[in-house]
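Report on the following structure.
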RNA sequence: GGGAGCAUAGCUCAGUUGGUUCAGAGCAUCUGCCUUACAAGCAGAGGGUCCGCGGUUCGAGCCCGUGUGCUCCCACCA
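Numbering (our numbering), first residue to last: 19 to 917.
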């Protein structure tokens, strides 16, 4: 056994340990080892499952810092669960991301191969797309592995895998049969670059500087005024528009019926400029009298409001744009010109003809396609839709009833609720090739049937229309990516394609979904809907929203700004553990995270700290002896204290983890290791130079270190596993070591530890302030009623303060420094001359503070209402504070007078 | 236009049932140390009107109102 372990050489006794930790070797070694041991694998068994499905990254490129944060959080949760007795299953995968990927592939083909998509057949194009997917999918997977993610690779799922494809089609057909999917003409947002419909959620609105053009429309049948062309008179009306290129699609102009200025236009017609088309003047309350000129042109084909008014007044629709954003035949002029070019030319022509009254700078909101970043065009088109209202109801209930918990806080509940209550039908057809092709078959007359396969379609068609041998043609369009991703938590376990199988029954509902808050509508809400529809059960119990990763100036990370670091480079420079540490330590759940490489450096330093603690223990191991000497007493104290401190922190971390407060948990562990373990505990048990450590103490220290490594492991898996094995020869691995029971911490011993720490700090501080070098030997004169309580700790005290003598209740003969610890006075005697002025200064400052403090406490205690209303323990605490302050004041005053 | 959130040290942020030994952490700054695990380190220190104003309370960083300044989400104003 362990053949492969020999090759990787855990710890060679003769091997010199390097000065610093070198991550690269350890990371590669351990990831391979864990894989070989099948630790990442999960199969249903008797244990309780803990399941996470990865939000599948788009195969458009490589992972960015947002993914890094997400995957790290998931790995922490999954490793913690695995070490806590759960059957942990983390399913990896990727998303075909139809529009985004197709755009990338089209672009790549043009740039690298000079191929135009239009010259390819559907099959040829898909071949290229799958090649692309293979390449980038694998890059993504290798990044996930480099980061240390313990995903079950055997379950890797792609949203276009065969079974997944079938599941999507099956759901489409099912929803169609239920009447929840329909085909209809609607005003949708059109992406002229990708030449496809967009769902409302795929449109991003941005404020941009635009222009408002004031265009004159002649009133039909009136005399043209010769005089002032800028005057709004009976001959013209003036209409403000941002999009003069759409005037050819005008079918009416509209004013508010209460607007006195336009009352005389009742029943009149106006002439659309340039094309001289006569259109009626209509009246509707919708028009705002105070905006622009108070009169609006109606262009039903290119504006959602106009479309609605058009419906109301039964106006025709004149679509003047082609699908690629150029002007269509219907525009009559500038046919074939791009919409923005046409705009410029039309403005020029209007200006030439004196029909442009003025241009105004104007801030407006324009909708941009999230995928191609071009201005989306409102357009009438026939698309497929999902009726959302009925699906939304159960999904809404899951969250409002608390069955699904959103973390970090409730602030997303309101947004979620609002969206679901006002949900609009979902446009799911996309005019693309990369995706699941819509399973609808048409005959030549446009009649269609919906079925999972072509044969089935024919059968249904023949039955329905009582014919035979009719050529049917499948819908060219594919489905929105989210129409496949919304099945993710089910279909990764084949829950749709093979319902009721062992895996879906065991793993569903999953435990936690970790994702960005920006896709709460796209994805989170819809997964809940799909889960309720097809499993009658929520897809996950907890949702953990991570914030957005920004650069340290608070800017969004983007390629154009060049502020998005390369994950593999970061791992190369700092190590995966340090990257994980850096991104977690500064990331309270849900808050945006300002990414700064200095936190990665902190992680790297932490690696080194752990490494050196291990080296120290290895050094001790060599010469550890069994002995029964004086010092054992203080070592017992140190061990007792740290054991309790460990238990205290372990239960605190347990609570933090259960509340998903991961960065706080990490901070707590960090401080426990660095401060309590390294700075205090190891120093306390450190043998004098040249001496050996007690065997039992050594073993205890190692077992504490084991516990610390285990606590830290979910956050920093590689170095903890590495050190775990370097510390001792082991048969087991830390990754799968199960957490033990947490004992209660004894608060008394913790307080004694604090007292010792305070005494050491106070003495060091006093030495420092009085220019006594740390190395210089001192004598301590402790004034106390409980000299015996110093027995277990006095050795530590003298070691840590460099005191070679400790006297109790004696007063030093010569001048010395005085400091107060708790209620006790300590004199520090050294050979360095004491500057009494410095002493006096410090004491007087303390005295002043204490007196002020005493006054506030006394005031409170003499307040009847406080004594009557406050809780007894609060009052008791105040009394104690008062007594303590008085004792201290007394001590200081005595000393001051003796100086 | 509608809704939500944030404002605490120079910077990034903790502070979850309101109790002045809770005003904290990490960076950064300053002082002293190359002390045999660690200079990627050790020992210390300084630094804040808890955004302004008002209220509730014996007591407010915390609760309520309001003003200011940021941020995000939703929405069809030409």
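Here a beta-carbon is modelled for each residue, glycine too, at the ideal position from N, C-alpha and C.
Residue j beta carbon less than 8 angstroms from that of residue i
i, j, result
"residue 625", "residue 670", "no"
"residue 454", "residue 502", "yes"
"residue 558", "residue 528", "yes"
"residue 723", "residue 694", "no"
"residue 499", "residue 115", "yes"
"residue 158", "residue 108", "no"
"residue 319", "residue 267", "yes"
"residue 397", "residue 208", "yes"
"residue 753", "residue 171", "no"
"residue 110", "residue 174", "yes"
"residue 460", "residue 491", "yes"
"residue 90", "residue 601", "yes"
"residue 827", "residue 764", "no"
"residue 760", "residue 658", "no"
Inter-residue spacing [alpha-carbon to alpha-carbon] between residue i and residue j
i, j, result
"residue 336", "residue 166", "57 angstroms"
"residue 432", "residue 678", "20 angstroms"
"residue 815", "residue 87", "43 angstroms"
"residue 13", "residue 191", "What is shown of the chain runs 19 to 917, which leaves residue 13 out entirely."
"residue 551", "residue 193", "10 angstroms"
"residue 797", "residue 791", "14 angstroms"
"residue 808", "residue 655", "11 angstroms"
"residue 744", "residue 49", "16 angstroms"
"residue 55", "residue 751", "10 angstroms"
"residue 232", "residue 618", "56 angstroms"
Residue i (DSSP reduced to helix, strand or coil)
i, result
"residue 711", "coil"
"residue 848", "coil"
"residue 284", "coil"
"residue 910", "helix"
"residue 505", "coil"
"residue 612", "strand"
"residue 930", "Residue 930 falls outside the range modelled here, since the chain spans only 19 to 917, and no answer is possible."
"residue 528", "strand"
"residue 68", "strand"
"residue 491", "strand"
"residue 411", "helix"
"residue 57", "coil"
"residue 18", "Given that the chain is displayed from residue 19 to residue 917, the structure contains no residue 18 and the question cannot be resolved."
"residue 839", "strand"
6 angstroms Cβ shell around residue i - same chain, five flanking residues per side excluded
i, result
"residue 565", "608, 609, 610 and 611"
"residue 631", "696"
"residue 522", "511 and 513"
"residue 291", "373"
"residue 449", "213, 214 and 495"
"residue 270", "297, 298, 300, 316 and 333"
"residue 377", "229 and 231"
"residue 729", "687"
Neighbourhood of residue i by C-beta, 8 angstroms cutoff - its chain only, sequence neighbours within 5 removed
i, result
"residue 574", "566 and 568"
"residue 885", "879 and 893"
Cβ shell of residue i (< 7 angstroms), same chain only, five flanking positions each side left out
i, result
"residue 773", "840"
"residue 871", "903"
"residue 4", "Coverage of the chain is limited to positions 19 through 917, which leaves residue 4 absent and any answer about it impossible."
"residue 749", "none"
"residue 187", "454, 457 and 470"
"residue 303", "274 and 275"
"residue 350", "266 and 293"
Paired residues, beta bridge with residue i - DSSP
i, result
"residue 272", "300 and 314"
"residue 385", "223"
"residue 447", "497"
"residue 560", "423 and 530"
"residue 107", "69"
"residue 257", "233"
"residue 397", "206"
"residue 379", "229"
"residue 459", "467 and 492"
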